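Those protein sequence lines, which keep their order, are chains A and B.
The opening residue of the first sequence carries number 10 in the working numbering; numbering runs sequentially from there.
The opening residue of the second sequence carries number 10 in the working numbering; numbering runs sequentially from there.
There are 2 protein chains.
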Amino acid sequence: MGATKTEHFTDKQNAIATLAKALGHPARVAIIDYLLKVDACICSDIVNELPLAQPTVSQHLKELKNAGLIKGDIEGNTICYCIDEKALDKLQSYFANISTKLEKNKKDCC
Amino acid sequence: MGATKTEHFTDKQNAIATLAKALGHPARVAIIDYLLKVDACICSDIVNELPLAQPTVSQHLKELKNAGLIKGDIEGNTICYCIDEKALDKLQSYFANISTKLEKNKKDCC
DNA sequence: AATCTTTATCGTAATATTGCAATATCAATA
DNA sequence: TATTGATATTGCAATATTACGATAAAGATT
């Protein structure tokens with residue numbers, strides 16, 4: 010085996026898992042951090058910013074894009090990547106919701 | 010290769026990546042969902058709840074525990090797993106912070 | 001003590017991820 | 001049009017993840 014059994018879970022669970030997985034690598038977290046920092050959508054000095062070879066960075070960008078966390082527009086011979094707010098909003102509200110529930114329950118086991 | 014180059018990233022980036030990675034599988038999202046739903050720290054009917062074999066569930070629980078997302082206490086011959094608020098708070102504030110920054114920048118590229 | 005119940009571990013097969021060198025692509029510029 | 005610069009793709013090696021059957025461990029029950 011080795012393949013995730015996605016079909017047995019709800020769409021929502023799969024959606025969160027996909028987004029979380031995309032952020033499950035420090036390089037990809039670093040890319041998001043960088044895109045937030047340079048508040049214009051500066052393109053890929055990302056390669057210079059990261060301690061990884063260009064093909065590796067390109068691959069990480071692709072994964073972030075597939076997951077919907079970033080979008081990229083061609084702009085001449087470079088590409089302008091930027092954060093896709095929708096995906097991050099989804100994550101934000103997911104965790105905010107969890108925090109609310111945890112606050113309410115306030116059980117003291119474990 | 011194939012091993013993540015964690016040493017090149019910041020502690021914070023690695024910390025977020027570790028937590029996100031732990032949620033990067035629908036079964037583990039489902040486990041968190043379940044622990045939230047049963048508002049007592051009910052133990053492992055989790056196995057019955059999930060479409061996976063017991064050793065597989067046990068492995069997923071171990072990963073959530075290693076990442077710090079859940080904690081488990083032995084209680085007789087069963088184990089009481091429950092959500093570790095600290096980790097979820099960390100995620101919640103990470104994404105809340107991102108949302109705030111996105112709100113502020115409101116750039117319209119891409 | 002023998003058995004049951006619950007959970008963990010081991011071993012292993014299938015598959016996915018990570019990383020990079022080499023190469024391709026393609027728009028801009030000389 | 002030949003070259004440069006930015007990005008993507010291919011191919012491959014190393015490693016990690018996912019899943020589960022078999023088995024182990026250990027408290028509870030008979």
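Beta carbons: idealized from backbone N, C-alpha and C, even for Gly.
Remember, it's a predicted structure, so these values are computed and weren't measured experimentally.
- Assignment of B/K71 by DSSP, reduced to helix, strand and coil, places it in the helix class.
- B/L61 is the residue among B/L61, B/A31 and B/K71 whose C-alpha sits nearest the C-alpha of A/H17.
- If the five residues before and after A/N23 are omitted, its C-beta is found closer than 7 angstroms to the C-beta atoms of T15, all from its own chain and listed in chain order.
- Note on geometry: alpha-carbon atoms of A/T19 and B/C91 lie some 21 angstroms from one another.
- At a cut-off of 9 angstroms, the C-beta of A/K110 has a neighbouring C-beta in chain B.
- Across the set B/V56, B/N75 and B/C89, the C-alpha of B/C89 shows the shortest separation from the C-alpha of B/A49.
- Linking B/Q68 to B/Y43 through their CA atoms gives a straight-line distance of about 17 angstroms.
- For B/N86, no chain A residue has a Cβ inside 9 angstroms of its Cβ, as the nearest lies near 17 angstroms away.
- Within chain A, no residue has its CB atom less than 9 angstroms from the CB of B/G77, the nearest being about 13 angstroms off.
- Here B/I40 is buried: its Cβ has 16 or more other Cβ atoms, across all protein chains shown, within 10 Å.
- Under DSSP, B/C91 takes part in a beta bridge, and its partners are B/K80.
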